[in-house]
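Novice:
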Amino acid sequence: MILPGTPPPIKGESLNGYLLRLSELNGYANLPQLLKIAGYKGAPYWYKPGIGDRIASLIGMSSDEFKAMSYDRGSKASSRTKAQIFGHDVSYTMLDVTNPKICPACVVDNGYIKSEWDLTSFIACPDHRTILLSRCPHCERKLSWRRPGLLTCACQRPSGRFLNQVNRL
Ligand SMILES: [Zn+2]
Ligand SMILES: [Zn+2]
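Residue numbering for the sequence shown follows my numbering, beginning at -18 and increasing consecutively.
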């Protein structure tokens, strides 16, 4: 099986952001529901050899291409574990993939989640001069990779879009 809607990833797009975009585009309730098809439980996705290949074929991507976009924290997370971001090795400890943060204005402008937002130290958007959003302005819960869409929180309130809450610097 291949998902009906599989636009290719955009340069600089984070893998989990890409998977979330595909999940929303193909009408899944949330990212875990999409990953479950390939036998992966929960979200965010961290590289797992066999399952990675299954997700890659589900979204019509080569295994190598998919692995290059993945973060691999190995069997035990440690500062020695490397992740690739923009083709550079960074230490796993420099990433915070568990607590996603976004610039909603960028997502509206560009339609994708940037991989630099996965870096722990990246806290503001230089283009929009805003602090990245890490909590839903409506329910105040932390943003999660289990949310239904790029700009929709799990609280799913009709007005549950993030754009009206942009913290100008
Ligand atoms: Zn921005
Ligand atoms: Zn919410």
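C-beta: ideal position from N, C-alpha, C; glycine also.
#1: Could you check if I(-17) is buried or exposed, using at least 16 other CB atoms within 10 Å of its CB as the buried criterion?
#2: For A105, which three-state DSSP category applies?
#3: Under 6 Å from any heavy atom of ligand 1, does the C-beta of A86 make it?
#4: I need the DSSP call for D151, collapsed to helix, strand or coil.
#5: Less than 6 Å separating the Cβ of D108 from some heavy atom of ligand 1?
#6: Where does L12 fall in DSSP's three states?
#7: Does DSSP put C112 in a helix, in a strand, or in coil?
#8: Would you check whether ligand 2 has a heavy atom nearer than 6 Å to the C-beta of H119?
#9: Please list the segments of the alpha helix (DSSP H) lying wholly inside the segment -17 to 52, counting only runs of 4 or more residues, in order along the chain.
Specialist: Result, derived from the coordinates:
#1: exposed
#2: strand
#3: yes
#4: Because the chain here runs from -18 to 150, residue 151 falls outside it and cannot be looked at.
#5: yes
#6: helix
#7: Looking at the sequence shown, residue 112 is not Cys but Ile. If DSSP states are grouped into helix, strand and coil, I112 belongs with the strands.
#8: yes
#9: -4 to 6, 12 to 18, 30 to 39 and 44 to 50
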